[in-house]
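Asks: The numbering of the sequence shown is our numbering, which starts it at 567 and goes up by one.
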Amino acid sequence: MKKIILGLFLIGIAMHSYGQDVVFKAKIKREIVPVTIIEAIDVDFRGFEVIEFYGVPVEFIEEDVYINDDIESDEDYETFQVTLKGEHGKLVVTYNKEGQLLSSVEHLKNISPNIDVREAVAKAFPGWTLTKDYYKMTHFANKATKERYKLILKKGDEEKVVFMDGKGEILKVHKKINVNLK
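This is the structure:
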């Protein structure tokens, strides 16, 4: 009986794994990427180095997303994802075939937060010093940009982790605990 149950379990796992064969992106060579995208990257993200290109089998039709199952070669892709690297971090951007920016996600660190964030920190945490910061910005075409900051503040031996949006609103505050395990 144990062998039958184990056998059925393994067959179930095997069948489940075969159902997961949808590829959501495939690494492609620079030569295959349309020139319009290369030119758009040079204009939109000057100072960033391209790390890799991916073809994404997705089409955007009137703000709806459809998976294109008819991809037979690298030239059939309508959407391209590009990973970029800069001095302060990494970006992942998505373009359509015509070179229009569809989305971008930026992960940067140790940049100067915008003036609203700096003023809010100075007002809410007088006497605290900003020691590290992390910035994440998410943007989708025709939608609002979402900015988030993770700030490490220090005052004497005490540290706090503060999460803020791009307008300077405090979202969450944690007291950082340094544990010495000697």
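The C-beta atom is built at its ideal place from N, Cα and C for all residues, glycine as well.
1. Nearest CA to the CA of residue 713: which residue from 700, 653 and 722?
2. Using only alpha-carbon positions, find the residue among 570, 715 and 622 that is nearest to residue 669.
3. Identify, in the order they occur along the chain, each residue of the same chain with its Cβ nearer than 8 Å to the Cβ of residue 735, setting aside the five sequence neighbours on each side.
4. Using the C-alpha atoms, what's the distance from residue 592 back to residue 636?
5. Please classify residue 647 as buried or exposed, where buried requires at least 16 neighbouring CB atoms within 10 angstroms.
6. Unbroken beta strand (DSSP E) runs of length 3 or more, entirely within the region 636 to 716: which are they?
7. Less than 8 Å between the CB atoms is what I'm expecting for residue 651 and residue 615, so what's the real figure, rounded?
8. Do residue 667 and residue 608 have their CB atoms nearer than 8 Å?
9. May I have the straight-line CA-CA distance separating residue 679 from residue 702, to the nearest angstrom?
10. In this structure, how does DSSP classify residue 727 when only helix, strand and coil are distinguished?
Replies: Reading off the structure:
1. Locating residue 713 in the sequence shown gives position 147, counting from the first residue. Nearest of 700, 653 and 722 to residue 713, Cα basis: 700.
2. The count along the sequence shown starts at 1 and reaches residue 669 at position 103. If we check each option's Cα against that of residue 669, 622 comes out closest.
3. Numbered from 1 along the sequence shown, position 169 holds the residue referred to as residue 735. Residues of the same chain with a CB within less than 8 Å of the CB of residue 735, apart from the 5 flanking positions on each side, are 686 in chain order.
4. For the purposes of this step, residue 636 is taken as residue 70 along the sequence shown, with counting starting at 1. For the purposes of this step, residue 592 is taken as residue 26 along the sequence shown, with counting starting at 1. Bear in mind that the predicted position of residue 636 carries a pLDDT of just 48, short of 50, making it unreliable; the figure below should be weighed with that in mind. In a straight line, the C-alpha of residue 636 is about 14 Å away from that of residue 592.
5. Within the sequence shown, numbered from 1, the residue matching residue 647 stands at position 81. Looking at its Cβ environment, which holds 16 or more other Cβ atoms inside 10 Å, residue 647 is buried.
6. 645 to 652, 655 to 662, 667 to 675 and 695 to 706
7. For this step, residue 651 is matched to residue 85 along the sequence shown. For this step, residue 615 is matched to residue 49 along the sequence shown. Indeed, because the Cβ distance is near 5 Å, the residues count as touching under 8 Å.
8. One-based indexing of the sequence shown puts residue 667 at position 101. One-based indexing of the sequence shown puts residue 608 at position 42. No; because the gap between Cβ atoms is not below 8 Å, this pair is not in contact.
9. Translated into the one-based positions of the sequence shown, residue 679 becomes position 113. Translated into the one-based positions of the sequence shown, residue 702 becomes position 136. Distance between the alpha carbons of residue 679 and residue 702: 11 Å.
10. Position 161 of the sequence shown, counted from the first residue, corresponds to residue 727. Residue 727 falls in the strand class under three-state DSSP.
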